[in-house]
């Protein structure tokens with residue numbers, strides 16, 4: 065990570081007084097600062113020379129900060145970006161982060177908030193650059209032996225996990241249930257400098273609301289009914305290591321400010337304790353819920369969301385990495401054959417074909433359950449299509465169970481075709497390659513027909 069005089073910052077703001085203040089604060093902290101009054105000037109400066117960080121206001125005459133971030137990303141993809149927004153302008157901040165900004169500062173902001181934001185952004189960039197060499201190693205599973213697969217989506221995720229592992233930045237693992245978020249969290253821990261420290265897990269959805277604070281932060285004896293002895297919370301247990309908060313979206317609202325404080329201050333308040341306890345914890349959180357929607361609904365604190373969403377990583381569903389299914393099947397067969405003391409049966413080709421065509425709503429977890437079940441219940445040396453659960457026998461990809469009712473006034477073939485195109489896209493969640501496979505046509509043919517009906 066570049067710090068102080070090693071890091072170059074391009075500051076863009078049409079307010080000369082704010083520019084002077086920020087330039088002074090950053091210069092005092094050892095950063096080399098170049099100022100620009102407009103987005104257009106900033107682009108010209110970026111064309112001439114590289115910068116480690118772009119710090120830009122959003123509302124400016126001419127090119128605004130959002131456009132500047134987008135163009136700067138294309139011009140200098142290695143330059144980190146932070147935007148300055150008006151107080152309460154969350155929508156603009158979200159848009160900027162979608163375009164690649166790493167953080168946002170709400171006016172008015174303090175010197176400490178400014179320096180912390182810049183330090184974290186530069187740390188992230190430094191780790192990204194330093195660890196690009198890991199991409200090839202990650203593709204060969206270095207350090208991620210528990211994650212099975214060689215597909216492109218999985219390799220990309222593993223590369224990102226490796227980059228995230230070498231920092232202390234908070235990671236938010238996103239994805240459907242059963243995609244392996246706890247495995248990913250454990251992989252981050254084992255790859256990090258904290259690998260020799262503890263790895264603690266809390267499932268926020270599994271703890272009764274009244275016990276969440278005690279579980280996370282601990283309690284003193286006698287602090288509430290049933291507290292018969294002192295108890296260390298998970299933050300203390302994980303100190304020096306990693307704390308994995310699964311289903312973090314289910315964390316009760318009253319507890320969220322305390323979690324935010326623990327992350328910001330590095331200390332926790334035990335229930336019934338007179339003073340806070342210092343902790344050194346790297347947090348990895350996970351959810352299958354839409355946290356942005358929870359924020360809009362008032363069910364999740366916005367400030368906590370941004371504190372958790374420092375490094376968001378999306379784990380792909382199994383249907384988007386189908387080429388990994390044979391490897392996963394082999395892995396689970398070996399794992400559960402040893403556990404149950406059973407011989408490994410052969411899976412007939414039609415079984416693997418069904419596996420490839422099934423949508424796997426429960427993802428890798430569902431696949432593992434099916435493989436274990438087939439292993440335990442198999443009486444023959446091989447598993448055939450007849451042994452599969454009923455759900456896998458439904459001929460979903462070819463819509464064999466879809467009933468077409470012709471209305472009394474008739475229906476055109478074009479309307480039927482359009483309906484099938486829409487249904488195939490719905491079932492494939494917009495994946496055109498899979499939609500084409502469902503219909504038994506090439507992807508090029510699918511694209512042609514989508515354009516024909518104005519669906520492209």
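Residue numbers (our numbering): 65 to 520. Note that beta-carbon positions come from the ideal geometry of N, C-alpha and C, so glycine has one too.
Taking 7 Å as the cut-off, is the CB of residue i close to at least one heavy atom of the ligand SAM?
| i | result |
| --- | --- |
| residue 380 | Questions concerning the ligand SAM fall outside what the structure shown contains, since it holds no ligand whatsoever. |
Ignore the nearest five residues each way along the sequence and tell me which others in residue i's own chain have a CB closer than 6 Å to its CB.
| i | result |
| --- | --- |
| residue 349 | 236, 309, 312 and 372 |
| residue 489 | 499 |
| residue 264 | 298, 301, 302 and 307 |
| residue 95 | 71 and 73 |
What does the Cβ neighbour count give for residue i, buried or exposed, with the cut at 16 atoms within 10 Å?
| i | result |
| --- | --- |
| residue 404 | exposed |
| residue 381 | buried |
| residue 251 | buried |
| residue 374 | buried |
| residue 475 | exposed |
| residue 204 | Because residue 204 carries a pLDDT of 45, less than 50, the predicted location of this residue cannot be relied on, and the following value inherits that uncertainty. It is exposed - the Cβ of residue 204 has fewer than 16 other Cβ atoms within 10 Å. |
| residue 360 | exposed |
| residue 275 | exposed |
| residue 450 | exposed |
| residue 257 | exposed |
| residue 73 | buried |
| residue 367 | exposed |
| residue 344 | exposed |
| residue 202 | Legend: pLDDT at residue 202 = 43, less than 50; position of this residue unreliable, no value from coordinates given. |
Reducing DSSP to helix, strand and coil, say where residue i ends up.
| i | result |
| --- | --- |
| residue 301 | helix |
| residue 269 | coil |
| residue 163 | coil |
| residue 115 | coil |
| residue 331 | strand |
| residue 362 | coil |
| residue 310 | strand |
| residue 249 | helix |
| residue 519 | coil |
| residue 337 | coil |
| residue 527 | The displayed coordinates of the chain run from 65 to 520. Any statement about residue 527 would go beyond what the structure contains. |
| residue 73 | strand |
| residue 257 | coil |
| residue 443 | coil |
| residue 342 | strand |
Spatial neighbours of residue i within its chain, please: CB distance less than 7 Å, with the 5 preceding and 5 following residues excluded, ordered by chain position.
| i | result |
| --- | --- |
| residue 430 | 242 and 424 |
| residue 83 | 75, 77 and 99 |
| residue 269 | 311 and 314 |
| residue 385 | 213, 215, 217 and 218 |
| residue 159 | 130 |
| residue 90 | 73 and 97 |
| residue 181 | 146, 167 and 169 |
My understanding is that residue i touches residue j, with C-beta atoms under 8 Å, so please give their C-beta distance in whole angstroms.
| i | j | result |
| --- | --- | --- |
| residue 104 | residue 127 | 6 Å |
| residue 501 | residue 456 | Actually they do not touch by this definition, with Cβ atoms about 17 Å apart. |
| residue 261 | residue 304 | 4 Å |
| residue 147 | residue 157 | 7 Å |
DSSP has residue i in a bridge; who is on the other side?
| i | result |
| --- | --- |
| residue 149 | 170 |
| residue 352 | DSSP output for residue 352 lists no bridge partner at all. |
| residue 263 | 306 |
| residue 437 | Residue 437 is not bridged to any residue. |
| residue 347 | 307 |
| residue 376 | 236 |
| residue 121 | 148 |
| residue 282 | 296 |
Kindly list the residues whose CB is nearer than 8 Å to the CB of residue i, restricted to its own chain and excluding five residues on each side of it in sequence; keep chain order.
| i | result |
| --- | --- |
| residue 87 | 75, 97 and 99 |
| residue 391 | 212, 213 and 214 |
| residue 440 | 400, 404 and 406 |
| residue 319 | 276, 277 and 280 |
| residue 102 | 76, 78, 124, 125, 126 and 127 |
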